[in-house]
């Protein structure tokens with residue numbers, strides 16, 4: 030596991046984020062800097078400069094972001110038997126977020142992020158990395174069901190490690206009856222939607238008229254029910270296919 034030193038990159042290219050993304054080209058086979066920029070900013074990377082580069086770097090250093098992320102990933106990699114991957118810490122557009130791949134991880138942090146908030150986002154995203162590493166299918170072949178279960182598992186991992194006070198707000202937005210209705214009406218008919226489809230993203234994130242964050246919330250609900258019935262924790266579910274979790278619901 031390597032936490033890449035992005036401070037120098039930020040000092041050189043913070044005011045030109047596409048130039049910053051060009052430095053990542055070696056980690057995205059066949060992608061242009063513009064395509065990398067579009068993908069990362071969609072998932073939470075800052076899209077334009079809002080302050081001097083030195084201030085941005087100083088704020089990340091004051092958070093002790095690199096030290097916290099490195100410690101957490103080391104612990105989680107041992108606990109979950111995760112892979113060694115390059116990890117990039119970069120400024121967020123607004124709230125903390127991240128983007129996980131089988132072979133790399135991005136953590137996007139705002140200046141006011143607390144230590145426990147950093148731990149929460151690292152837990153969530155590195156759980157994705159570990160789950161992705163358990164399966165041979167290409168990430169582009171994942172379905173809507175795969176995605177909602179993955180999100181649910183990752184947020185339950187946050188709850189297990191850090192407590193309910195650190196889980197995302199969307200875990201409590203809807204009642205059980207609402208979530209059951211979402212599952213039956215929205216997700217069962219569309220469970221095989223490929224990750225590449227626009228409808229997949231609309232349902233996962235709750236856009237285009239769908240209930241906000243409904244895919245994440247339904248995933249958390251489904252995984253919670255399965256964990257209760259099976260007695261398993263998230264570490265034991267890393268390699269369990271999403272279809273199995275869905276079929277075994279009581």
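Residue numbers (my numbering): 30 to 279. Where a beta carbon is used, it is the ideal one built from N, C-alpha and C, also for glycine. Values in this document were obtained by computation on a predicted structure and should not be read as measured data.
For residue i, which of helix, strand or coil comes out of DSSP?
i: residue 55; result: helix
i: residue 211; result: helix
i: residue 236; result: coil
i: residue 268; result: coil
i: residue 70; result: helix
i: residue 103; result: helix
i: residue 279; result: Low confidence applies to residue 279: its pLDDT is 49, below 50, so where it sits in the model is not reliable, and the reading given next is rough at best. If DSSP states are grouped into helix, strand and coil, residue 279 belongs with coil.
i: residue 218; result: coil
i: residue 204; result: coil
i: residue 46; result: helix
i: residue 79; result: coil
i: residue 35; result: coil
Of the residues the options, which one's Cα is nearest the Cα of residue i?
i: residue 95; options: 147, 228, 122, 47; result: 147
i: residue 74; options: 97, 250, 218, 136; result: 136
i: residue 113; options: 144, 125, 122, 99; result: 99
i: residue 83; options: 241, 215, 35, 149; result: 35
i: residue 149; options: 140, 274, 196; result: 196
i: residue 221; options: 200, 206, 251, 170; result: 170
i: residue 43; options: 59, 86, 53, 61; result: 86
i: residue 115; options: 241, 249, 33, 142; result: 33
i: residue 250; options: 274, 265, 139; result: 274
i: residue 111; options: 50, 138, 130, 97; result: 130
Measure the Cβ-Cβ separation of residue i and residue j and say whether it is below 9 Å.
i: residue 39; j: residue 92; result: no
i: residue 191; j: residue 246; result: no
i: residue 187; j: residue 152; result: yes
i: residue 185; j: residue 128; result: no
i: residue 271; j: residue 204; result: no
i: residue 109; j: residue 68; result: no
i: residue 56; j: residue 132; result: yes
i: residue 160; j: residue 268; result: yes
i: residue 183; j: residue 154; result: yes
i: residue 242; j: residue 202; result: yes
Can you tell me whether residue i is buried or exposed, with buried defined as 16 or more other CB within 10 angstroms of its CB?
i: residue 63; result: exposed
i: residue 101; result: buried
i: residue 175; result: buried
i: residue 120; result: buried
i: residue 125; result: buried
i: residue 180; result: buried
i: residue 279; result: Any reading at residue 279 is ruled out, since the residue's pLDDT is 49, under 50, leaving its predicted position unreliable.
i: residue 158; result: buried
i: residue 198; result: exposed
i: residue 238; result: exposed
i: residue 240; result: buried
i: residue 217; result: exposed
In the DSSP assignment, the beta strand (DSSP E) including residue i goes from what residue to what residue?
i: residue 116; result: 115-120
i: residue 127; result: 126-129
i: residue 164; result: From DSSP, residue 164 is part of no beta strand (DSSP E); its letter is neither H nor E.
i: residue 134; result: 134-138
If you follow the alpha helix (DSSP H) that residue i is part of, which residue opens it and which one closes it?
i: residue 89; result: 82-91
i: residue 250; result: 243-259
i: residue 183; result: 173-191
Between residue i and chain D, is there a C-beta pair that is closer than 9 Å?
i: residue 122; result: Note that chain D does not occur in the displayed structure, where there is just one protein chain.
Please indicate yes or no: does the CB of residue i lie closer than 8 Å to some heavy atom of the ligand ADP?
i: residue 87; result: This structure does not include the ligand ADP; it has no bound ligands of any sort.
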